[in-house]
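**Q** The sequence shown begins at 1 in UniProt numbering and counts up one residue at a time. C-beta: ideal position from N, C-alpha, C; glycine also. My questions will all concern the structure given below.
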Amino acid sequence: MKIHLNGTPTDVADAVTLAELIHALDLGNRRLAIEVNTELVPRSRFDQHRLAPDDRVEIIHAVGGG
1 MKIHLNGTPT DVADAVTLAE LIHALDLGNR RLAIEVNTEL VPRSRFDQHR LAPDDRVEII
61 HAVGGG
């Protein structure tokens with residue numbers, strides 16, 4: 001199925017979870033936030049939240065500094 005990942009049309013497996021998407025993108029060890037259709041999804045729900053066709057997913061990476 002096709003989703004929009006950070007504004008780019010992207011093919012993913014049907015009914016993929018956010019946790020599976022993070023793993024597929026090799027982002028598992030990073031601090032990040034994810035919005036789906038402009039709503040923030042809590043990290044505790046990444047393994048339960050399934051994506052649907054045409055979902056708009058924004059992945060924001062936390063950057064440390066000082």
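If you run the structure through DSSP and keep just helix, strand and coil, what is residue 24?
**A** Of the three classes helix, strand and coil, the one that applies to residue 24 here is helix, per DSSP.
**Q** Round the Cβ separation of residue 33 and residue 25 to the nearest angstrom and send it over; I've been treating them as touching at under 8 Å.
**A** With 8 Å as the limit, residue 33 and residue 25 do not qualify as a contact, their Cβ atoms being about 14 Å apart.
**Q** Which residues bound the beta strand (DSSP E) around residue 32?
**A** Its beta strand (DSSP E) spans residues 32 to 36.
**Q** What does DSSP give as the partner residue(s) for residue 61 in the beta ladder?
**A** 32.
**Q** Where does residue 51 fall in DSSP's three states?
**A** Residue state, collapsed to three classes: coil.
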